[in-house]
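Colleague: Here it is, the structure, as structure tokens.
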Amino acid sequence: MIKKINAMIVDDELNGVENLKSLIEAFYPQIEIMATAESFEQAEQQLRLHKIDIAFLDIQIGTRSIFEFLEKIRKIDFEIIFISAHDHALEAFKFMAIDYLLKPIDIDYFKQAINRLLSNLEYKYFANNAKELIGQLKLEKDKFNKISIPTLDGYGMLSIDSILYCLADGSYTNLSIKGNRTILASKNLKYYEALLEDFGFLRIHNSSLISREHIARISKSDGGYVVMDDGKKLSISKARKAGIFEVFKIK
0 MIKKINAMIV
10 DDELNGVENL
20 KSLIEAFYPQ
30 IEIMATAESF
40 EQAEQQLRLH
50 KIDIAFLDIQ
60 IGTRSIFEFL
70 EKIRKIDFEI
80 IFISAHDHAL
90 EAFKFMAIDY
100 LLKPIDIDYF
110 KQAINRLLSN
120 LEYKYFANNA
130 KELIGQLKLE
140 KDKFNKISIP
150 TLDGYGMLSI
160 DSILYCLADG
170 SYTNLSIKGN
180 RTILASKNLK
190 YYEALLEDFG
200 FLRIHNSSLI
210 SREHIARISK
220 SDGGYVVMDD
230 GKKLSISKAR
240 KAGIFEVFKI
250 K
């Protein structure tokens with residue numbers, strides 16, 4: 000849950016500001032009015048001083064339209080609810096999925112608008128948290144870039160970026176690594192595909208899994224094949240060719 004939501008009210012009528020503040024305090028204590036402004040200049044200053052989640056904006060400030068103010072803001076990273084004392088000024092918003100409040104504010108409509116807005120903020124909050132979590136997990140994964148290789152007599156630790164390609168050998172897998180070395184591992188190729196696909200490895204054939212980082216070149220001739228950094232030529236299967244070529248933007 001979002002602990003606190005910061006809001007700003009931009010309205011040149013003091014009564015309008017106080018009425019809206021009273022409604023928010025009465026029904027939505029999680030929303031804190033961080034700033035109020037009665038001019039565009041004050042609103043810009045408040046945005047520089049505070050991180051705002053919601054802005055309640057009267058569409059007419061003096062003789063100027065609120066859209067003049069919005070056009071000057073480089074990044075609108077807050078939710079907006081428009082306010083007006085004139086029904087005709089808000090008519091267009093009814094068809095645009097944009098929330099608005101007509102003065103004097105109807106409490107039921109006010110609650111509907113705020114609840115929709117809070118749902119949007121809740122979704123953004125969890126979406127951003129998920130992105131941060133995924134980023135952190137990726138960093139942790141990148142820090143520890145070794146895998147354990149089950150061999151006939153135990154386990155060996157192998158740096159992922161040292162693996163050029165993996166070739167099926169029955170229920171075993173031959174891992175070709177830098178320095179012209181090969182390790183026979185006691186797991187099948189499907190096991191290594193699942194283990195390495197997040198590290199840039201591609202299955203190009205039923206019998207081969209390759210590292211994108213160690214491809215020297217790709218050819219469309221002879222049905223399609225790749226040449227790895229160690230000079231090894233590996234065929235691309237007919238079933239996988241279109242997908243592989245799409246990954247590398249080959250037409």
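Numbering of the sequence shown is given in numbering that gives the first Met the number 0, commencing with residue 0 and proceeding in unit increments.
For glycine and all other residues, C-beta sits at the position ideal for the given N, C-alpha and C.
Please read all numbers here as calculations on a predicted model, not as lab measurements.
Assuming the contact rule is C-beta atoms closer than 8 Å, SER38 and ILE58 should be a hit. Round their C-beta distance to whole Å, please.
Modeller: Working through the sequence shown from its first residue, we reach residue 38 at position 39. Working through the sequence shown from its first residue, we reach residue 58 at position 59. Contact doesn't hold; Cβ gap of about 14 Å is too wide.
Colleague: Whole angstroms are fine: how far does the CA of VAL225 sit from the CA of ILE51?
Modeller: Taking the first residue of the sequence shown as 1, we reach residue 51 at position 52. Taking the first residue of the sequence shown as 1, we reach residue 225 at position 226. The straight-line gap from Cα to Cα measures roughly 53 Å.
Colleague: Within the same chain, show all residues whose beta-carbon is closer than 8 Å to that of LYS248, passing over the 5 residues directly before and after it, in chain order.
Modeller: Within the sequence shown, the letter at position 249 stands for residue 248. Excluding residues within five positions, none has a Cβ falling inside 8 Å.
Colleague: In the DSSP assignment, find the alpha helix (DSSP H) that holds PHE278 and state where it starts and stops.
Modeller: The displayed coordinates of the chain run from 0 to 250. Any statement about residue 278 would go beyond what the structure contains.
Colleague: Give, in chain order, every unbroken run of the beta strand (DSSP E) that is at least 3 residues long and sits entirely within the region 9-78.
Modeller: Correct list: 30-36, 53-57.
Colleague: Of all the alpha helix (DSSP H) runs that stay within the bounds of the region 159-237, which reach a length of 4 or more residues?
Modeller: Counting only runs of 4 or more, we get 188-195.
Colleague: Put ILE146 into one of helix, strand or coil per three-state DSSP.
Modeller: On the sequence shown, position 147 is the one that residue 146 refers to. Correct three-state label for ILE146: strand.
Colleague: Distance, Cα to Cα, LEU208 vs LYS250?
Modeller: The residue given as residue 208 occupies position 209 in the sequence shown. The residue given as residue 250 occupies position 251 in the sequence shown. Spanning the two alpha carbons is a distance of roughly 22 Å.
Colleague: List the DSSP bridge partners of SER83.
Modeller: Here residue 83 corresponds to residue number 84 of the sequence shown, with the count starting at 1. Paired residue(s): LEU101.
Colleague: Is DSSP giving ILE106 helix, strand or coil here?
Modeller: Position 107 of the sequence shown holds residue 106. Three-state DSSP puts ILE106 in a helix.
Colleague: Please check the pair GLY230 and ARG211, which I expect to be a contact at CB under 8 Å, by giving their CB distance rounded to whole angstroms.
Modeller: By one-based count along the sequence shown, residue 230 stands at place 231. By one-based count along the sequence shown, residue 211 stands at place 212. 17 Å between Cβ atoms; not a contact.
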